[in-house]
Every structure is written in structure tokens, then in C-alpha cells.
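Sequence order for the protein chains is L and R.
Counting from 3, one number per residue, gives the positions in the first sequence under our numbering.
Counting from 602, one number per residue, gives the positions in the second sequence under our numbering.
All C-beta atoms in this analysis are idealised placements derived from N, C-alpha and C, irrespective of residue type, glycine included.
What you are looking at is a predicted structure, and each value in this text was computed from that prediction instead of being measured.
Please read the structure below before turning to the comments.
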Amino acid sequence: MLFQPINRNYHDFSIVRDKDACINCKVCIRQCAYEAHYWDESRQKVMHDNAKCVGCHRCEALCPTSALLIQKKKSDFKDNALWKPEFIKYIYKQADTGGVLLTGMGSPVGNIPVYWDKLLLDASQVTNPSIDPLREPMELKTFLGAKPVKLEFTKTKDGSPKLKTKLTPNIELNYPLMFSAMSFGSINFNLHIAMARAATELGICYNTGEGGLHKTLYQYGKNTIVQVASGRFGVHRDFLNAGAGIEIKVGQGAKPGIGGHLPGEKINEMVSVTRMVPLGSDAISPAPHHDIYSIEDLHQLIFALKEASEYRVPVSVKIAAVHNVAAIASGIVRAGADIVAIDGMRGGTGAAPGMIRDNVGIPIELALAQVDQRLRDEGIRNRASIVAAGGIRCSADVVKAIALGADAVYFATAALLAVGCTLCGKCYTGKCSWGIATNDAKLAKRQNPDVAAKKLVNLVHAWGHEIEEMLGGMGLNSIESLRGNRDKLRAVGLSDTEMDILGVKHAGR
Amino acid sequence: MAKKITLDASGIYYRQLNEQIREAVANGATDIVLKNVNGQRYLAGAMDGDLNFEIQGVPGQDMCSFMRGPKVRVKANAQDGVGNTMDDGTVIIEGLAGDVVGYAMRGGKIFIKGDVGYRVGIHMKAYMEKLPTIVIGGKAGDFLGEYMAGGIILLLGMFSDKPSEPIAGRSLGTGMHGGVIYVRGGVPKEQIGPGLTTQPLDESDKLVIQGIVKDYAKELGLDAKAILAADFVKIKPFSHRPYGNLYVPA
């Protein structure tokens with residue numbers, strides 16, 4: 003009789019231990035939160051259980067004698083183009099448990115095109131000079147919020163001009179970059195401190211996510227966007243007045259159409275205080291905001307927030323990129339939003355049902371191009387800034403996003419990678435060995451806020467330099483000149499329909 | 602010392618009216634009477650502290666949203682979104698109220714004399730000393746107390762304009778994972794969300810209801826004894842983690 007579940011040995015990774023190099027120092031045992039490594043008392047040596055390995059590479063990274071190698075398990079099912087191994091494993095797991103498949107981080111699916119990789123940038127040759135950003139001024143400064151249709155001036159007594167038009171509040175960024183929403187609770191406090199400090203040092207913003215804002219972080223308010231989601235966790239008048247902007251989260255690229263669910267295990271005392279929910283009880287965000295069932299309702303909440311903050315800060319509305327995203331974005335702008343944030347289907351998450359993450363929504367590139375075009379066609383592009391999110395991997399992606407019409411981008415997965423994340427996707431377990439997606443004090447201690455902040459600052463500095471180089475190469479000295487400038491993009495290997503949607507020509511044209 | 606001010610709201614857009622109110626409060630007003638209110642939105646929104654509002658006329662959407670502290674009395678009906686994400690304070694409505702009362706409300710009290718619409722008390726949540734309470738003198742529409750995470754809803758069904766309707770609409774308390782809903786006289790089983798049942802009260806429930814009804818009756822000039830002269834049932838979540846076993850790691 004078989005007592006072992008049939009899928010026990012169909013695990014994803016193998017731990018390879020070099021017996022000559024291993025000194026049985028037990029670092030791997032201490033580092034692995036999933037207990038894949040253990041001390042075998044009878045054999046007096048470190049052993050491992052491959053089935054428990056999630057592929058986070060923490061042990062490999064910290065092994066002092068470099069004795070460990072984490073590999074994909076070299077076991078293949080018979081080739082079948084339809085029944086890829088993940089589908090086979092999914093069925094075994096669901097047949098055992100009856101459970102909804104839960105995943106973490108952004109969708110890894112390979113059959114949806116990554117349009118960033120199909121787009122190429124232009125550079126100046128002969129007819130207009132390229133610019134060297136190391137010697138000449140280069141403007142990356144970005145303002146997010148509504149812009150006036152026109153500017154009017156009056157003259158003062160001494161004859162100098164004075165601005166007559168009343169400007170609406172904008173968020174000022176030194177780079178067209180922001181750390182995207184990750185709630186305190188989904189990631190721990192050390193990383194929230196790190197994001198807040200890094201954003202302040204860089205002159206950009208980070209987003210609180212929907213878990214409220216701890217009192218000790220109010221001091222970084224000028225560089226904070228506070229988020230209001232359907233669960234309204236930690237949302238109150240002080241919170242709404244703490245930041246440089248308020249964001250209504252309607253949707254998330256990794257899980258369009260469904261709510262959030264922070265498991266009770268992740269709600270420790272500090273998370274409980276910040277979210278204002280009981281210890282250990284699940285924090286459930288309903289799928290919709292139950293006070294928003296229409297564009298008119300959205301208008302109502304936007305202005306409730308503007309009233310609550312006395313019109314001092316712009317209000318953003320974040321949605322997932324879905325089929326009718328352009329029409330929805332138009333409605334959002336007409337409802338009074340100052341910023342529209344669009345999150346594509348490859349955006350990250352701490353927890354999302356796998357079927358939704360991998361099958362719902364559309365890529366950000368297509369959504370962004372269509373939203374920008376629609377707002378231009380309707381003559382309302384000035385009424386809101388566009389922020390693109392969901393799968394921004396490098397500075398070239400940022401430049402391409404801005405050429406497709408974004409005012410700025412949000413990135414979060416890249417920020418987590420900067421502090422050690424290896425995309426193992428087990429964020430929802432609360433056991434993150436890298437000390438990121440965990441509130442376990444012992445694990446969270448692995449992220450030193452100073453070190454993490456420094457890494458985030460480094461990353462943005464590096465991207466900033468690269469963006470300047472690419473801009474200069476195109477003969478531009480301001481990020482403003484690139485915004486929606488699709489002539490700076492060419493496509494390779496895309497269909498006429500795709501190029502039409504993106505508003506770009508094929509390379510060679 | 603209380604400083605009273607009366608503002609005439611007739612013909613004034615909500616934005617100007619709310620500015621006038623904020624200015625009056627900044628200048629020390631503590632008791633604010635709003636006359637001829639006719640649909641102006643966000644009244645007392647995000648107001649803070651020990652203030653008293655008397656609203657004459659029908660206020661607009663999202664009254665008392667994000668409010669923390671004031672006591673607001675509406676001498677007529679109210680529209681949708683009363684007490685949206687409210688933190689603290691007391692709202693008394695002498696008529697009926699629309700949809701989405703007390704959405705995600707975290708603290709304070711909302712006393713409504715008459716009926717309410719759909720989606721009332723969704724995702725109310727209690728936290729430490731904060732215990733949000735909604736009392737509905739009439740009947741409620743669908744989805745009362747959906748996703749409720751804390752606090753108390755007391756549904757009386759007594760002062761209703763809808764004699765043929767059930768006391769609560771469909772899906773009462775669906776997905777609730779905290780808090781308690783008390784219903785005077787009981788509620789038909791088919792109106793209650795999946796997994797939930799009505800239960801008889803214990804002694805502590807009775808004390809809670811008596812305390813709330815005493816306040817409610819006093820504020821609205823009603824007879825507490827008459828309200829308490831019937832049996833109540835309670836509806837509580839079957840788990841603080843209703844979806845805890847839903848998932849398997851992919």
C-alpha cells in the first residue's frame with residue numbers, strides 16, 4: 003500500500019551538496035525557513051529534503067564554502083506540448099486538496115509576448131547632435147497631476163509677468179520612477195523604512211500599499227503616496243493627509259477583478275496597529291470597493307478624498323490593464339482623477355490565485371499605448387498623468403514606457419530583487435528566507451533598512467544615468483520631450499495589428 | 602465654551618459650503634447648524650474633534666466620510682454613503698438613509714430611525730477600544746454586514762416604510778469574519794449568507810443590546826422598553842478565517 007502522496011517527489015528543485023566542500027557548519031539549516039536542510043544526529047552531518055526546497059537560493063548564497071547548488075529537478079515527464087509539466091503538477095495538487103492554486107510574484111508565463119523586447123529605441127546620427135549627459139544638463143524631473151489647458155499671465159506694477167492661472171497640486175519627482183505599492187504586512191517594516199528613506203534621498207515617491215502607514219513613517223510624507231483600497235485598512239484622516247498624493251487602488255495587474263487577502267499568520271502586532279485590525283485575524287479586501295459600482299461612484303470617492311485632504315494633493319486611481327482599459331481610463335479622468343496608474347498583467351503580488359495571475363489582464367505595453375492615445379484623442383490628456391506599472395525590468399523598459407505615453411513608471415519587483423529576492427514566489431507563506439515577504443522577526447532582521455535603502459538608491463541612480471544616456475543619444479535633453487514620442491520607437495517582428503495598437507512603425511520604416 | 606454658528610446652505614455648491622464649515626471650525630465654532638441643506642456632499646467629511654452639527658434638509662452623498670469625533674444630527678433623510686470609512690463620532694438620522702451606510706467604518710455610532718438601502722455596514726471593523734455600531738430602526742436592503750470584520754449592527758425592523766419586505770434583504774452577513782449582527786424578532790433563513798445561522802442571545806448579548814437601545818431611543822425620542830419588548834437573534838461569523846483553507850501552493 004502506498005502511503006506517500008504520488009506527487010511528493012515531483013518537486014521543482016534539487017539541492018546538490020558538494021560533499022568535499024561541505025564542512026557541516028549548519029549555516030544552511032539556519033538560513034532555510036522552509037526546513038529543507040536538517041542535522042542528522044545519527045550520521046552527524048547536514049542532510050536535506052529536496053521536496054521542501056522552494057528554490058529561493060538563500061542557502062546557496064550564504065554557504066561559506068560554496069558547497070551548495072540549487073538546480074531545477076532534472077526529471078522530465080514525457081514531452082507533451084499540451085500537457086506542460088506545471089499543468090500535470092497542478093492537477094495532482096488540486097486532486098489532493100481541492101484547493102485554489104496560490105502563487106506569488108508576477109506571472110512567469112512565456113507564451114504572452116513581452117513587447118519591451120520587441121521595441122527598439124532611436125539614436126541621433128549626423129542630422130541632429132546627440133547629447134552627452136555627463137557634460138550637459140539633462141532634465142529627468144517629472145510632475146504628476148493635472149496640467150492646465152493653457153497658461154495665462156498678468157503683469158505686475160514693474161512690468162514683469164505673473165502667472166494668473168491657478169495650478170492644481172502636482173507630485174514632484176526627480177526621476178520618472180516610483181516604488182510601487184507593497185503593503186506593510188505583505189512585506190515587513192524594515193523594507194518600508196528602506197523605501198521611505200530611499201524615496202526621500204532620491205526625491206521620488208514610494209507607495210504605502212493598502213496596509214496603512216505606521217506613525218514613525220509620517221516624517222517621510224513628502225515622498226509617500228498613501229493608498230486607499232477596498233479594505234480601507236489604516237485609512238483615516240491623518241493617513242490621508244500624510245502623503246504627497248492619495249491613490250485609490252481599484253485593481254492590480256497580477257489579480258485583476260479580485261480582492262486581497264493577507265493571511266492571519268502575517269498579522270503581527272505592528273501590522274495590526276498599522277492596519278487597525280485585530281491580531282491574527284485575516285485582513286480581507288473585498289474584490290470591488292463596495293462604494294464604487296460606477297464611474298459616478300468613483301467620482302464621489304475621488305472628491306471625498308479631495309475634501310478630506312482639502313485639495314492639497316493629487317488623487318490617483320490605479321487599475322489593472324484589462325480589455326477595455328482605454329475607455330475605463332477615460333472615465334477615470336473624467337471622474338476627476340489627477341493620475342491614472344495602469345498595472346499590466348506581469349505585475350507582482352504577494353499572493354494571487356495562479357489561474358488569475360496567468361490568464362487575466364493584458365500586457366502593460368498595449369494598455370499604456372491605448373490609454374495615452376485615447377486620452378489624446380479625447381483632448382483630456384492634460385487632465386491626468388499616466389503611470390505605467392507591471393513588469394518594468396530595466397531602464398530601457400522605462401524609456402520605452404515613457405515613449406509609449408507614460409509620465410512615470412512604478413516598479414516593485416525590481417526593488418525587491420535589489421534587496422535579494424530571487425523570485426521563488428513563496429511570498430504568501432510568510433516564510434521568505436530573504437527576510438522580505440515575512441513579518442517573522444528573526445527573518446525580517448535579515449533586511450537591514452540602511453543597507454536596503456542604499457541598494458534602492460543605487461539602483462535608481464544607475465537607472466537614472468542610463469535613462470540620461472539613452473535620452474542624450476536620441477538628441478533629447480529632457481524626459482518631457484520623450485513623453486508619448488513614439489517616433490523614437492520601432493518594432494521588430496510584430497504584426498500590423500500589434501504595431502497599430504502600439505502606435506509604432508516597424509524597424510526599417 | 603460652545604460657540605454656535607448657523608450657515609444657510611441654500612444655493613451653495615458643496616465645495617464652498619464645506620470650505621465655509623472648515624473656516625468656521627478654524628475660527629472656533631463648535632456647534633454648527635446647517636439650514637436649507639439640499640444634497641450637498643461630504644458634509645462633516647474628515648472633521649475632527651468635539652463638534653456638533655445639526656443638518657436641516659437632506660444632506661448629499663458621503664456625509665461624515667472619514668469623520669473622527671463630531672456628533673451629527675440630520676433632521677430629515679440622508680442619502681448614500683453616510684459614515685464612509687468613519688473613525689469615530691455619532692451620526693443620528695431622524696429619517697431613512699440610502700445605500701452603503703458605514704462602509705469600512707472603524708469606530709463611532711450611526712443611529713438611523715427608518716429604513717436603509719443596500720450594502721450597509723460592509724466591512725465594518727473593530728480595533729482595540731473602537732467598536733463601530735449601526736442601529737437601523739427600519740428594514741435593510743441586500744448585503745447588510747457583508748465582509749463584516751468587527752463591530753455591531755442592530756436591525757430593528759420597526760419603523761419601516763416597507764411593510765411587505767423581509768426585515769433584511771438577501772446575503773445578510775456574507776463573508777463576515779468578525780463582529781455581530783443582532784436582529785429584532787428574527788430573520789428568514791433564506792436571507793442569510795452561506796454558512797451563517799441565527800443563534801439565541803446569551804446574557805452578555807442582552808446587556809449589549811440594552812445599552813445600545815437605551816442610547817438610540819434617547820437620541821431619537823423613542824421608547825426603549827417597546828424596542829426591547831421582543832426577542833432578538835444574533836448572527837456571528839463561523840470563523841475569523843473564513844477562507845483559510847481555500848488554497849494550495851501552486
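Assign residue 162/L to buried or exposed, taking buried as 16 or more other Cβ atoms, counted over all protein chains shown, within 10 Å of its Cβ.
When all chains shown are included, residue 162/L counts as exposed.
Where residue 635/R and residue 665/R are concerned, what is the direct C-alpha to C-alpha distance, given to the nearest angstrom?
When rounded, the distance between both Cα atoms is 14 angstroms.
Let's see if you can read the secondary structure: which residues bound the beta strand (DSSP E) around residue 180/L?
Note, residue 180/L: beta strand (DSSP E), 179 to 181.
Measuring straight from C-alpha to C-alpha, what distance separates residue 852/R and residue 722/R?
What the structure shows of chain R is the stretch from 602 to 851, and residue 852/R is not part of that stretch, so it cannot be assessed.
Look up residue 752/R in the DSSP assignment and say whether it is helix, strand or coil.
strand
Assuming residue 688/R and residue 674/R form a contact by the criterion Cβ under 8 angstroms, report the distance between their Cβ atoms to the nearest whole angstrom.
Contact doesn't hold; Cβ gap of about 19 angstroms is too wide.
Which residues bound the alpha helix (DSSP H) around residue 274/L?
271 to 277
Can you give me the Cβ contacts of residue 130/L inside the same chain, cut-off strictly under 7 angstroms, excluding the 5 residues immediately before and after it?
477
Express the C-alpha separation of residue 80/L and residue 95/L in angstroms, rounding to a whole number.
Counting only the Cα atoms, residue 80/L lies some 19 angstroms from residue 95/L.
Looking at chain L, is there any beta carbon in it that lies within less than 7 angstroms of the beta carbon of residue 625/R?
no
Just how far apart, CA to CA, sit residue 798/R and residue 106/L?
35 angstroms
Note down the Cα distance separating residue 280/L from residue 848/R, rounded to an integer number of angstroms.
Going by the C-alpha atoms only, they are around 22 angstroms apart.
At a CB-CB cut-off below 9 angstroms, which residues of chain L make contact with residue 678/R?
Those do not exist, as residue 678/R stays about 18 angstroms from chain L at its closest Cβ, beyond 9 angstroms.
Would residue 746/R and residue 760/R qualify as a contact pair, given that the criterion is a beta-carbon distance under 7 angstroms?
no
Check the Cβ of residue 686/R against every Cβ in chain L and list those closer than 7 angstroms, keeping chain order.
Among the residues of chain L, those whose CB is under 7 angstroms from the CB of residue 686/R are 234, 237, following chain order.
Report the rounded CA-to-CA distance for residue 496/L versus residue 363/L, giving the unit in angstroms.
20 angstroms
Quick one: does residue 283/L have its CB under 7 angstroms from some CB of chain R?
Yes, contact with chain R.
Could you tell me if residue 375/L is buried or exposed, where buried requires 16 or more neighbouring beta carbons within 10 angstroms of its beta carbon?
With 16 or more other Cβ atoms within 10 Å, it is buried.
Assess contact between the segment 403 to 415 of chain L and the segment 432 to 439 of chain L, defined as three or more Cβ pairs (one per stretch) separated by less than 8 angstroms. Is contact present?
no
Using a C-beta to C-beta distance shorter than 7 angstroms, which residues of chain L count as neighbours of residue 649/R?
239
Is it buried or exposed for residue 465/L, if we count other Cβ within 10 angstroms and need 16 for buried?
buried
Kindly list, in the order they appear in chain R, the residues whose Cβ is closer than 8 angstroms to that of residue 501/L.
What residue 501/L touches in chain R: nothing, since even the nearest Cβ is about 35 angstroms away.
Tell me the rounded alpha-carbon separation between residue 331/L and residue 40/L.
53 angstroms
Return helix, strand or coil for residue 40/L, following the three-state DSSP convention.
Correct three-state label for residue 40/L: strand.
Does the beta carbon of residue 54/L come closer than 7 angstroms to any beta carbon on chain R?
False, the Cβ-Cβ gap to chain R never drops below 7 angstroms.
Are residue 187/L and residue 213/L closer than 7 angstroms when you measure CB to CB?
Yes. Within cutoff.
If you reduce the DSSP assignment to three classes, tell me which class residue 380/L lands in.
coil
Indicate whether at least one CB of chain L lies closer than 7 angstroms to the CB of residue 660/R.
Judged by the 7 angstroms Cβ criterion, residue 660/R is not in contact with chain L.
Quick check on DSSP: helix, strand or coil for residue 164/L?
strand
Assuming residue 123/L and residue 357/L form a contact by the criterion Cβ under 8 angstroms, report the distance between their Cβ atoms to the nearest whole angstrom.
That belief does not hold up - the Cβ atoms of residue 123/L and residue 357/L are roughly 36 angstroms apart, past 8 angstroms.
Give a yes or no on whether the C-beta atoms belonging to residue 794/R and residue 772/R are separated by under 7 angstroms.
yes
Can you grab the Cα-Cα spacing for the pair residue 776/R / residue 750/R, in whole Å?
9 angstroms
Run through the segment 364 to 426 of chain L for me and flag every whole alpha helix (DSSP H) of 4 or more residues, listed as ranges in chain order.
366 to 379, 397 to 405, 415 to 420
Measure the alpha-carbon distance for residue 116/L versus residue 453/L and round it to whole angstroms.
Annotation: residue 116/L to residue 453/L spans about 32 angstroms, alpha carbon to alpha carbon.
Does any CB atom of chain L fall closer than 7 angstroms to the CB of residue 769/R?
Against chain L, the CB of residue 769/R has no partner CB under 7 angstroms away; the residue lies outside that interface.
Give every residue of the same chain whose Cβ lies closer than 7 angstroms to the Cβ of residue 125/L, excluding the five residues on either side of it in the sequence, and list them in chain order.
132, 475, 476
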